[in-house]
Amino acid sequence: MSLAMIAFNVANSVSDAICFDILGEDGQNSYGKQRVWGAAGFGLTALIGGFGMDFYSEHDIKNYTPAFILVLFFTLIDLLCCTKLRLPKMMSSENILKDVTKILKNRRIIIFLGFTTLAGILDSFIIYFLFWFLEDMAEETGQESSIKLLEGLTVAAETLGSEILFFPLSGKILDMIGYNHSFTICFLNYALRLGLISLIPSPWWILSIELFMQGPTYALTYTVIVAYANAVSPPGTSATMQGLVAGMDDGLGYAIGSLLGGFLYKATGGRRAFQYYSLLSLICSAAHFLIHRFYFTSDGEN
Numbered sequence: 001m002s003l004a005m006i007a008f009n010v011a012n013s014v015s016d017a018i019c020f021d022i023l024g025e026d027g028q029n030s031y032g033k034q035r036v037w038g039a040a041g042f043g044l045t046a047l048i049g050g051f052g053m054d055f056y057s058e059h060d061i062k063n064y065t066p067a068f069i070l071v072l073f074f075t076l077i078d079l080l081c082c083t084k085l086r087l088p089k090m091m092s093s094e095n096i097l098k099d100v101t102k103i104l105k106n107r108r109i110i111i112f113l114g115f116t117t118l119a120g121i122l123d124s125f126i127i128y129f130l131f132w133f134l135e136d137m138a139e140e141t142g143q144e145s146s147i148k149l150l151e152g153l154t155v156a157a158e159t160l161g162s163e164i165l166f167f168p169l170s171g172k173i174l175d176m177i178g179y180n181h182s183f184t185i186c187f188l189n190y191a192l193r194l195g196l197i198s199l200i201p202s203p204w205w206i207l208s209i210e211l212f213m214q215g216p217t218y219a220l221t222y223t224v225i226v227a228y229a230n231a232v233s234p235p236g237t238s239a240t241m242q243g244l245v246a247g248m249d250d251g252l253g254y255a256i257g258s259l260l261g262g263f264l265y266k267a268t269g270g271r272r273a274f275q276y277y278s279l280l281s282l283i284c285s286a287a288h289f290l291i292h293r294f295y296f297t298s299d300g301e302n
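Here UniProt numbering is used: the first residue of the sequence shown is 1, the next is one more, and so on.
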């Protein structure tokens with residue numbers, strides 16, 4: 001798992017940096033139009049994988065072979081595509097350590113990295129505990145036989161619903177209200193999403209929530225984070241900055257969120273844990289707004 005996450009985050013960070021470099025300074029807010037294809041692929045393979053596991057499983061024992069076959073198949077296709085890519089020559093920094101150190105002395109960027117970590121904490125709880133919550137509920141309601149299909153449909157609803165809509169729209173949202181207000185709204189959206197999840201009476205209710213809420217939460221948040229990281233990167237440091245924010249979000253944030261989530265889930269149960277995380281999201285939204293409204297002076301960054 002550790003090696004898999006290392007490989008995933010390296011590929012993620014470098015591909016984001018390459019994407020922004022291809023788009024150029026005038027096309028930064030078009031990033032979501034490229035990233036949306038990843039969401040589409042993610043949703044389709046999850047749907048196919050979930051159906052395949054349920055179809056080839058006997059009784060309550062799930063057969064994960066179809067999922068591993070899909071991974072191998074698409075990995076080979078991905079490797080073949082990478083050999084044909086014509087990548088731009090990216091600028092290199094004369095002193096990357098000096099440039100990054102200078103960035104990290106900026107109080108706005110330190111605050112941004114802190115809230116990026118908080119976004120990772122919130123997102124990790126959904127990623128690691130949503131399906132656990134659904135499986136517990138399926139066991140309580142006697143719906144275990146179709147739970148893997150439901151999980152596949154859930155991922156499909158997330159990615160092929162509002163996520164596929166919000167990635168292209170995220171650039172326009174950033175143009176209209178800026179990075180800071182967008183980030184504040186992201187936390188507010190997470191509060192609503194987590195709160196709604198805690199109220200569902202049956203596992204199948206999750207589809208309607210994830211269909212509409214994945215876009216305003218994950219898609220918008222992800223775009224805000226990577227776009228802001230690219231905007232503040234000195235020439236030649238974009239890949240390093242993308243790696244830094246990925247480390248704070250997918251690394252530190254996910255580690256804290258999953259560990260804290262595990263303790264909460266065990267101590268209070270799934271519903272109450274989702275409610276606590278919803279409250280944390282609301283606090284983050286209020287704190288982010290107040291910090292940028294009263295602590296920082298208006299200097300045109302918005």
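C-beta: ideal position from N, C-alpha, C; glycine also.
- About 20 Å separates the CB atoms of Leu-259 and Ile-197; that is not less than 8 Å, and the two are not in contact.
- Of the residues assessed, Tyr-64 falls on the exposed side of the cut-off, its CB having fewer than 16 other CB atoms within 10 angstroms.
- Within the same chain, Ile-147 come within 7 Å of Glu-135 by CB-CB distance, once the 5 residues on both sides are set aside.
- Non-local C-beta neighbours of Ala-39 in its own chain, meaning closer than 8 Å and more than five positions away in sequence, comprise Thr-159, Leu-160, Glu-163, Ile-164, Phe-167 and Ala-219, ordered along the chain.
- Per DSSP, the beta bridge partners of Glu-58 are Ile-61.
- Residue nearest to Phe-51 within the set Ile-200, Ser-202, Leu-70 and Asn-106 is Leu-70 (criterion: CA-CA distance).
- Within the same chain, Cβ atoms closer than 7 Å to the Cβ of Phe-183 are found at Phe-115, Val-224 and His-288, the five residues on either side in sequence being excluded.
- In this chain, Tyr-295 is not harboured by any alpha helix (DSSP H), its DSSP state being neither H nor E.
- Leu-174 sits away from Asn-12, with the two beta carbons spaced by 8 Å or more.
- Leu-199 is the residue among Ala-67, Leu-290, Phe-20 and Leu-199 whose C-alpha sits nearest the C-alpha of Gly-269.
- Counting C-beta pairs closer than 8 Å gives fewer than three between the segment 228 to 236 and the segment 247 to 263, which falls short of the contact rule.
- Of the other Cβ atoms in all chains shown, fewer than 16 fall within 10 Å of the Cβ of Ser-208; this residue is therefore exposed.
- Short of 6 Å from the beta carbon of Ile-121, and not among the five residues preceding or following it, lie these beta carbons of its own chain, in chain order: Gly-253, Ile-256 and Gly-257.
- By the neighbour-count criterion, in which 16 or more other beta carbons inside 10 Å mark a residue as buried, Asp-16 falls on the buried side.
- Tyr-222 and Gln-34 have their C-alpha atoms some 13 Å from each other.
- CA-CA distance, Ile-291 to Ser-281, rounds to 15 Å.
- About 7 Å separates the beta carbons of Gly-261 and Ser-124, which is inside the 8 Å limit, making them a contact pair.
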